[in-house]
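Undergrad: Got a structure here, written out as structure tokens. Questions coming.
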Amino acid sequence: MIEQLKPCPFCGSEDIYETYSQEYALGTKNPEIFCNSCKAIFSIEDDSPYMNCEEDYAYRRVKTIEAWNRRSENERPDEWAQIGLEG
Ligand SMILES: [Zn+2]
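For our numbering, count along the sequence shown from 1 and bump the result up by 1117.
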């Protein structure tokens, strides 16, 4: 079961959304977590054991949320494979 998202590790906001980016060339979806307050975009680079797109997405979505929540609870910079900051 998917855990609830913890507050943004950067700004503490709870104005957080799950989203994804689509990689059309590969036919895959990459799960992302977006903070509407500080505009952080969080995703992980994590190989999944699934070749099927939907199973792959579900697996990496869980991993992304787990990594976000760990980051929210304590400082673990090495957990972050990609951080986008805009604005
Ligand atoms: Zn934030």
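C-beta: ideal position from N, C-alpha, C; glycine also. The model shown is predicted, which means the values in this text are computed figures rather than measured ones.
Report the partner residues of Q1121 according to the DSSP bridge assignment.
TA: Your numbering for residue 1121 matches position 4 in the sequence shown. According to DSSP, which records beta bridges pairwise, Q1121 is partnered with nothing at all.
Undergrad: May I ask which residues mark the beginning and end of the beta strand (DSSP E) holding E1135?
TA: Taking the first residue of the sequence shown as position 1, residue 1135 is located at position 18. Unbroken beta strand (DSSP E) run through E1135: I1133 to E1140.
Undergrad: Where does R1128 land, buried or exposed, given buried means 16+ other C-beta within 10 angstroms?
TA: For the purposes of this step, residue 1128 is taken as residue 11 along the sequence shown, with counting starting at 1. For the sequence presented, residue 1128 should be read as Cys rather than Arg. Counting Cβ neighbours within 10 Å, C1128 comes out exposed, since fewer than 16 surround it.
Undergrad: Going along the chain, which residues of its own chain have a beta-carbon closer than 7 angstroms to the beta-carbon of P1126, five neighbours each way excluded?
TA: Walking along the sequence shown from the start, residue 1126 turns up at place 9. These residues qualify, in order along the chain: R1188 and S1189.
Undergrad: Return yes when the C-beta of C1170 is under 6 angstroms from any heavy atom of ligand 1, and no when it is not.
TA: For the purposes of this step, residue 1170 is identified with residue 53 of the sequence shown, where counting begins at 1. False, no ligand heavy atom lies under 6 angstroms from that Cβ.
Undergrad: For the beta strand (DSSP E) that C1152 lies in, which residues bound it at each end?
TA: Here residue 1152 refers to the residue found at position 35 of the sequence shown. Per DSSP, C1152 belongs to the beta strand (DSSP E) from T1145 to C1152.
Undergrad: Go through its chain and collect everything with a Cβ distance to W1185's Cβ below 8 angstroms, but skip five positions before and after it.
TA: In the sequence shown, residue 1185 corresponds to position 68, counting from 1. Only L1122, K1123, P1126, I1150 and F1159 meet the Cβ criterion.
Undergrad: Only counting the same chain, and skipping five residues up and downstream in sequence, which positions put a Cβ closer than 8 angstroms to that of E1140?
TA: Here residue 1140 corresponds to residue number 23 of the sequence shown, with the count starting at 1. Result list for E1140: K1146 and N1147, in chain order.
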